[in-house]
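Colleague: Take this structure, written in structure tokens, and hold onto it; I'll ask about it next.
Numbering (mature numbering (1 follows the signal peptide of the UniProt record, and there is no 0)), first residue to last: -19 to -1, 1 to 186.
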């Protein structure tokens, strides 16, 4: 009878162990067991659990500092998806003072685009933009300028570029607005691979 009761208590405890995700708490529960056999078996069970499972799961679902919105296209009824991220630091520009650029990835009418809204006059037509992803070599390339002259659009293989960002932690960007000093800022890319899922689904990639 004593062995049967011990087994029931032990089984109930392991139900609790499986429900918990904090290993240190589980170790504490093991230490409370009075039976040497049960206590050793408990420690053995805990040692086989994957550490930080809850933390890893949370990180795998995190969207970081990204935000998003979805709206129905008035042109083809598809989902237009906007995924956006504010820069880590302010940029000082003439006439406006401090501004915070925003990085956008969009799917509009099944077309994927990536651009940075600088919220200040950049120039006309196109401009050179320097980018550095993580510790990689900096790249100076030509980006197109929006019709309102305030945003720079990535030109070229945009989907491939976004996929590169999805595997990265940060991106440093520098642009020189017309008649102004170079503007530099950094974007924390953490969580992009999760935040961009609705966009990828809408644009089929």
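Note that the Cβ used here is the ideal one computed from N, Cα and C, for glycine as well. Quick caveat, the model's predicted, so the values are computed rather than measured.
Can you tell me whether DSSP reads residue 92 as helix, strand or coil?
Modeller: Strand, per DSSP.
Colleague: Which runs of the alpha helix (DSSP H) at least 4 residues long sit entirely within the stretch 109 to 152? Give them in chain order.
Modeller: Entirely contained in the stretch 109 to 152, the alpha helix (DSSP H) runs reaching 4 residues are, in chain order, 139 to 147.
Colleague: Report the start-end ranges of each beta strand (DSSP E) in the stretch 61 to 91 that is 3 residues or longer and not cut off at the edges.
Modeller: Correct list: 72 to 74, 78 to 80, 83 to 89.
Colleague: Just reading off the alpha helix (DSSP H) that residue 178 is part of, what are its end residues?
Modeller: Segment 178 to 184, the alpha helix (DSSP H) holding residue 178.
Colleague: Under three-state DSSP, which class holds residue 26?
Modeller: In the structure shown, residue 26 sits in a helix (DSSP, three-state: H, G or I).
Colleague: Under 7 Å Cβ to Cβ from residue 130, same chain only, skipping five residues before and after it: list those, please.
Modeller: Around residue 130: 102, 103, 104, 105.
Colleague: Within this structure, are the beta carbons of residue 62 and residue 146 separated by less than 8 Å?
Modeller: It is not a contact, given that the beta carbons lie outside the stated cut-off.
Colleague: Thinking C-alpha only, which one of 65, 50, 14, 51 is nearest residue 189?
Modeller: The chain is shown only over -19 to 186; residue 189 falls outside these bounds and no answer can be derived.
Colleague: To the nearest angstrom, how far is it from the Cα of residue 196 to the Cα of residue 50?
Modeller: Absent from the model: residue 196. The displayed extent of the chain is -19 to 186, so no value can be given.
Colleague: Among 87, 69, 13, 85, which one has its Cα closest to the Cα of residue 79?
Modeller: That would be 69, whose Cα lies nearest to the Cα of residue 79.
Colleague: Is the beta carbon of residue 158 less than 8 Å from the beta carbon of residue 81?
Modeller: Contact: no.
Colleague: By the DSSP assignment, the beta strand (DSSP E) with residue 49 in it spans what residues?
Modeller: Residues 48 to 53.
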